[in-house]
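A.B. asks: Take our numbering: the final residue in the sequence shown is number 192, and no numbers are missing along the way.
Even glycine gets a Cβ: it sits at the ideal position worked out from N, Cα and C.
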Amino acid sequence: MRKQPEVTEQTKANLRTAFWSLYKEKAIEKITIKEITDAAGYNRGTFYLYYKDVYDLFNKIEEELLEEIRILIHDNLPQKEGLDFAGHMGLIVKLSQQYSAYMSVLLSDHGDPTFVTRLKELIWPLLNRYVLDTSALTTQEQSLLSEFYLSGLLAAITRWLEAPGDMTIDQFIRFVMRQVFSGVVMV
């Protein structure tokens, strides 16, 4: 018998929520499927209908989040010259806020360094194409510059997500643009 898609999605969401509440508190290798299913109110067999193991569940969460960012970048960013970088950075920050339960953990010291690297790879073309003039830099210099800007930007987003009530999204974006990008040559 086939389950209704809504039931399947709700079950997966419940398992993810249960997993994430555990992951926020302890390392992934210490989380058991039994803990996840007990917290979500399902049996172990239900878990295995959707996921191979705890790492598979974790990877699917990361993949979906990165895919949302890819779609955001592809669908909302122009393929022509010029960009409202503050506006488009706002889309990324809003996405970070929308998924703050995940992003605040994934971008923290407790998170997955691979996720941070992949996120940087998605965001770097924005800075490289629209904000920074890197044409005169060597490959190594471009790599160093990308790490400098992206690490700082993601650290600022992480800190902002920890206390979102202190500064609105618009205030945060204006602050970053003013402090970080005010001296940057816009191309």
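#1: Report the residue from Ser101, Asn64, Trp165 whose alpha carbon sits nearest the alpha carbon of proline 118.
#2: If I follow the unbroken alpha helix (DSSP H) through aspartate 58, where does it start and stop?
#3: Spatial neighbours of leucine 70 within its chain, please: C-beta separation below 7 Å, excluding the five flanking residues on both sides.
#4: Take histidine 79 as the anchor and find which of Met182, Gln176, Pro130, Glu11 has the nearest alpha-carbon.
#5: Go ahead and label leucine 149 buried or exposed: buried means 16 or more other beta carbons lie within 10 angstroms of its beta carbon, across all protein chains shown.
#6: Tell me whether the beta-carbon of leucine 159 lies closer than 8 Å to the beta-carbon of leucine 112.
#7: On a Cα-Cα basis, can you pick out the residue from Ala32, Ala23, Thr143 that is closest to lysine 39?
#8: Pick helix, strand or coil for glycine 116, following the three-state DSSP scheme.
#9: Hey, could you find the ends of the alpha helix (DSSP H) asparagine 48 is sitting in?
#10: Could you tell me the distance, in whole angstroms, from the CA atom of methionine 172 to the CA atom of tryptophan 165?
#11: Answer yes or no: the CB of alanine 18 versus the heavy atoms of the ligand MG, is any distance below 7 Å?
#12: Applying the 10 Å Cβ sphere with the 16-neighbour rule, what's the burial state of valine 12?
#13: Rounded to whole angstroms, what's the CA-CA distance from leucine 142 to lysine 17? Just pull it up for me.
#14: Taking the alpha-carbon positions, what's the serine 140 to leucine 127 distance?
#15: Do isoleucine 162 and valine 110 count as a contact pair if the criterion is CB distance below 8 Å?
#16: Assign serine 28 to buried or exposed, taking buried as 16 or more other Cβ atoms, counted over all protein chains shown, within 10 Å of its Cβ.
#17: Label threonine 42 either buried or exposed according to how many other C-beta atoms from any shown protein chain fall within 10 Å of its C-beta, with 16 as the threshold for buried.
#18: Is alanine 45 buried or exposed, if buried means 16 or more other CB atoms sit within 10 Å of its CB?
#19: Distance, Cα to Cα, leucine 155 vs lysine 125?
#20: Do you know offhand how far arginine 183's Cα is from glycine 95's?
C.D. replies: Taking the geometry as given:
#1: Asn64
#2: Taken as a continuous stretch (DSSP letters only), aspartate 58 belongs to no alpha helix (DSSP H), as it is neither H nor E.
#3: Tyr104, Tyr107
#4: Pro130
#5: exposed
#6: yes
#7: Ala23
#8: coil
#9: Note, asparagine 48: premise wrong, no alpha helix (DSSP H); not H, not E.
#10: 8 Å
#11: By its list of ligands, the structure shown contains no ligand whatsoever, and the ligand MG lies outside what it can speak to.
#12: exposed
#13: 46 Å
#14: 19 Å
#15: no
#16: Serine is not the amino acid found at residue 28; the sequence shown has tyrosine there. Per the 10 Å Cβ criterion, buried.
#17: buried
#18: buried
#19: 6 Å
#20: 14 Å
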